[in-house]
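Adding 17 to a residue's 1-based position in the sequence shown gives its number in the working numbering. C-beta atoms are modelled at their ideal positions from N, C-alpha and C, and glycine is treated no differently. For clarity, every value in this text was computed on a predicted model and none was experimentally measured. Quick notes on the structure that follows.
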Amino acid sequence: MDQDQKKLIAAKASLEYIENGIVLGVGSGSTVNHLIDILPSVRDKIEHVVSSSGATSELLKQRGFEVSMLNAVGDVDLYIDGADEATKHRQLIKGGGGALTREKILAGASRQFVCIIDDSKQVGMLGTFPLPIEVIPMAQSYVARKLVRMGGQPVWREKFVTDNGNHILDIHNLLITNPMEVETRINQIPGIVTVGLFAHRPADILIVGDESGVRTLTA
Ligand code: 5RP
18 MDQDQKKLIA AKASLEYIEN GIVLGVGSGS TVNHLIDILP SVRDKIEHVV
68 SSSGATSELL KQRGFEVSML NAVGDVDLYI DGADEATKHR QLIKGGGGAL
118 TREKILAGAS RQFVCIIDDS KQVGMLGTFP LPIEVIPMAQ SYVARKLVRM
168 GGQPVWREKF VTDNGNHILD IHNLLITNPM EVETRINQIP GIVTVGLFAH
218 RPADILIVGD ESGVRTLTA
């Protein structure tokens, strides 16, 4: 089974969390794209759908879904999204696709957050995948210097502008032994919109697609 098939089986397994009359949040990325492909099979159960990115909204519309604004629907019952790295404690690095800010908003606004990954994303410790940080453009160099002082090596994601009009710094080689502490510390730096560390609000349920099927990790 290749990684793409593992993403597909994880996406399929997440369908069972979709209950009748639900407000569903949909994340971004290739794993979630599998979910969007099969989402029409549970269309009748979904009251409203909200999206974490322009790309996801576009795909949802192609599948015939009307995408609602978060402000119009209140809290989200269930948010389903992928990740770039995940630990057994369901703490995540996200933002490889650059949609981290809206993803973090939806994760925060959701009663339940189900994360779907293939087994290549499961790690013992976060940080091998460069940590994405969305920054206000004028603060980019200042933020980069701060991150260097924390031991990271920031790389500007050139020619990339987020859905919110901001830039992304990918921080290489940052030691993330205590994800909650690192998330709190980075959040103190002015000019940072969002850090792609999901430690204070981890996934509630992590579905991992691997050779033998799916494994589900919960609290
Ligand atoms: C986008 C994300 C994605 O969830 C993450 O990059 C995983 O993507 P994929 O499913 O394509 O591996 O955080 O900002």
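Grab the span of the alpha helix (DSSP H) containing R162 for me, first residue to last. 157-166
Report yes if the C-beta of S68 is less than 7 Å from at least one heavy atom of the ligand 5RP; otherwise report no. no
By the 10 Å Cβ neighbour count, where 16 or more other Cβ atoms means buried, how is E36 classified, buried or exposed? exposed
Are three or more beta carbon pairs between the segment 123-133 and the segment 179-194 nearer than 8 Å? no
Quick one: is the Cβ of E36 within less than 7 Å of any heavy atom of the ligand 5RP? no
Collect the residues with a C-beta less than 5 Å away from any heavy atom of the ligand 5RP and give them in sequence order along the chain. S45, G46, S47, T48, G99, D101, K111, G112, G113, G114, A116
If you draw a straight line from the C-alpha of L109 to the C-alpha of H184, how long is it? 21 Å
May I have the straight-line CA-CA distance separating S47 from P171, to the nearest angstrom? 25 Å
Counting only runs that start and end within the segment 86-174, where is the alpha helix (DSSP H) found for 4 or more residues in a row? 87-90, 117-126, 157-166
Beta strand (DSSP E) segments (min. 3 residues) lying fully within the segment 34-60: 39-43
What is the residue span of the alpha helix (DSSP H) that L25 lies within? 20-31
Given a cut-off of 8 Å on the beta-carbon distance, is the pair K23 and I55 in contact? no
Euclidean distance between Cα positions of T73 and G141: 29 Å
Decide yes or no for the touch test of the segment 190-202 against the segment 141-155: beta carbon pairs closer than 8 Å, at least 3 of them. yes
Exposed unless 16 or more other CB atoms sit within 10 angstroms - verdict on S69: buried
Through-space distance from V160 to M167, alpha-carbon basis: 11 Å
Helix, strand or coil for I203 per DSSP? helix
Pick out whichever of M155, T233, R232 has its Cα sitting closest to the Cα of V210. M155
With 16 other CB atoms within 10 Å as the buried threshold, where does E75 fall? exposed
Spatial neighbours of G71 within its chain, please: CB distance less than 6 Å, with the 5 preceding and 5 following residues excluded, ordered by chain position. D180
At the level of alpha carbons, what is the spacing between D150 and G112? Looking at the sequence shown, residue 150 is not Asp but Ile. If you take the alpha carbons of I150 and G112, they lie about 8 Å apart.
Closest to D247 by CA distance: which of L52, V43, G42, L32 is it? No statement about residue 247 is possible, as the shown extent of the chain runs from 18 to 236 and does not include it.
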